[in-house]
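Undergrad:
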Amino acid sequence: MSATHRHNSRLQNASVTSLRRGPQRRDSGRRSDGSVTSSGRESIGTGLTEPPAYSKKFVVVGDGGCGKTCLLISYSQGVFPEKYVPTVFENYITHCEHKPSGKVVELALWDTAGQEEYDRLRPLSYPETDLLFVCFAIDCPNSLENVMDKWYPEVLHFCPTTPIILLGLKSDLRNKRTCIDLLRTQGLTPVTHHQGQAVAKKMGALYMECSSKEMTGVHEIFEAAINTVVAEAEGLNPTPPASRGSLTAGNSSLQQQQKRPQTASRPSDNPAPMLAPSKKKKRKACLIL
Numbered sequence: 007m008s009a010t011h012r013h014n015s016r017l018q019n020a021s022v023t024s025l026r027r028g029p030q031r032r033d034s035g036r037r038s039d040g041s042v043t044s045s046g047r048e049s050i051g052t053g054l055t056e057p058p059a060y061s062k063k064f065v066v067v068g069d070g071g072c073g074k075t076c077l078l079i080s081y082s083q084g085v086f087p088e089k090y091v092p093t094v095f096e097n098y099i100t101h102c103e104h105k106p107s108g109k110v111v112e113l114a115l116w117d118t119a120g121q122e123e124y125d126r127l128r129p130l131s132y133p134e135t136d137l138l139f140v141c142f143a144i145d146c147p148n149s150l151e152n153v154m155d156k157w158y159p160e161v162l163h164f165c166p167t168t169p170i171i172l173l174g175l176k177s178d179l180r181n182k183r184t185c186i187d188l189l190r191t192q193g194l195t196p197v198t199h200h201q202g203q204a205v206a207k208k209m210g211a212l213y214m215e216c217s218s219k220e221m222t223g224v225h226e227i228f229e230a231a232i233n234t235v236v237a238e239a240e241g242l243n244p245t246p247p248a249s250r251g252s253l254t255a256g257n258s259s260l261q262q263q264q265k266r267p268q269t270a271s272r273p274s275d276n277p278a279p280m281l282a283p284s285k286k287k288k289r290k291a292c293l294i295l
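In this text, residue positions in the sequence shown follow my numbering: the first is 7, and each later residue adds one.
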């Protein structure tokens, strides 16, 4: 199944020094290892004289409607998309300069669908992932619950040693009266920073928040991500996160396991919880305000 929705976009990195590019569509298809190449927008250099020192792949996952695509578009184009269109798969590519070293990094951003109907297709995006953004919406407490119920088990299965950044999206809605009042009718409140940090600690992940609409925290997220993967590639490993937790079979409790050296992502020997047929509670989707 190929991607059916394509954005006309051009990546422009503002958190690290970005090089202006013209968009070029890359053919959709499959790699030799079976992973999906997806539709893409590939940057072409104008004045770049040296090849990229590194090619890194970031995959973005989370509930449908939690703000994943808005994050990528706001970061790449500097504008917030007002119209919501569900993503199937989209691949954005840009070349950036890593500020501390001055090295050029080719960065591929893989946007994925959070809807359950794509659960069997999404794993094809995971091979060779260098960093994962696991996302939830601050105005949707259920999406944070789904991080531990669905998304963390999934990425732990397919990318057991890949660095993770847990992202709290839509931070501008935390103090918005209409959002607070709507959640109150359901006996809920917006996710607090402390709650997000607590989940990230269980995952052994870095926690960050942003508002794609107000462009607060967006650049810092990508700067931290690029610094992380470049540091790992150069063997620097600055301030490693807590040891990655692993889900025990049959329950959602976490065990601490020794963090192994970073390797290319590959399926683990653990069963994939979301692929096994089971009677599970229906996940609630994020509300688009």
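Glycine included, C-beta positions come from ideal geometry on N, C-alpha and C.
Quick caveat, the model's predicted, so the values are computed rather than measured.
1. Helix, strand or coil: which one does DSSP assign to T75?
2. Please classify T93 as buried or exposed, where buried requires at least 16 other C-beta atoms within 10 Å of its C-beta.
3. So within the segment 61-144, which uninterrupted alpha helix (DSSP H) runs reach at least 4 residues, ignoring any that extend past its ends?
4. Given a threshold of 16 other Cβ atoms within 10 Å of its Cβ, counted over all protein chains shown, does Y132 qualify as buried or as exposed?
5. Expressed to the nearest angstrom, what Euclidean distance is found between the alpha-carbon atoms of E134 and Q203?
6. Return yes when the Cβ of T222 is within less than 9 Å of the Cβ of S149, no when it is not.
7. Are the Cβ atoms of G68 and F164 separated by less than 9 Å?
8. Leaving out five residues on either side along the sequence, give the residues of the same chain with a beta carbon under 6 Å from the beta carbon of L113.
9. Following the continuous alpha helix (DSSP H) through M209, name the residue where it begins and the one where it ends.
10. For my contact list, T234 and L78 are in at a C-beta cut-off of 8 Å; report their separation, rounded to the angstrom.
11. What's the gap between the Cα of I144 and the Cα of L175?
12. Got a sec? Which residues, its chain only, sit under 6 Å from L194 by beta carbon, not counting five neighbours each side?
13. Only counting the same chain, and skipping five residues up and downstream in sequence, which positions put a Cβ closer than 6 Å to that of P129?
14. How is the alpha helix (DSSP H) around E226 delimited, first residue to last?
15. I need the straight-line Cα distance from L188 to P196, nearest angstrom please.
16. Ordered along the chain, which non-local residues of its own chain (more than five positions away) have a Cβ less than 7 Å from that of S217?
17. Out of V85, V161, Y213 and V110, which has the shortest C-alpha to C-alpha gap to G120?
18. Verify whether the separation of the beta carbon atoms of V111 and I232 is less than 9 Å.
19. Considering only residues of the same chain and omitting the five flanking positions on each side of A239, which have a CB-CB separation below 6 Å?
20. Thinking C-alpha only, which one of E123, L173, P169 and T198 is nearest E226?
21. According to the neighbour-count rule (16 or more other Cβ atoms, all chains shown, within 10 Å of its Cβ), is L242 buried or exposed?
22. Going by DSSP, what residue range makes up the alpha helix (DSSP H) through L194?
23. Of the residues P169, S107, K105 and E151, which one's Cα is nearest the Cα of V66?
24. Could you tell me if the beta carbon of R180 falls within a distance shorter than 8 Å of some heavy atom in the ligand NAP?
25. Given a cut-off of 9 Å on the beta-carbon distance, is the pair D125 and K74 in contact?
26. Excluding five sequence neighbours on each side, which residues of the same chain lie with their C-beta closer than 6 Å to the C-beta of Y213?
TA: This is what the structure holds:
1. helix
2. buried
3. 74-83
4. buried
5. 27 Å
6. no
7. no
8. K62, T100 and C102
9. H199 to M209
10. Actually they are not in contact, since the Cβ atoms of T234 and L78 sit about 18 Å apart, beyond 8 Å.
11. 6 Å
12. P147
13. F164
14. V224 to A239
15. 10 Å
16. K176, S177, D178 and G223
17. V161
18. yes
19. Y60
20. L173
21. exposed
22. No alpha helix (DSSP H) contains L194, which DSSP labels as neither H nor E.
23. P169
24. Among the ligands in the structure shown, none appear at all, so the ligand NAP cannot be discussed.
25. no
26. L172, G202, Q203 and A206
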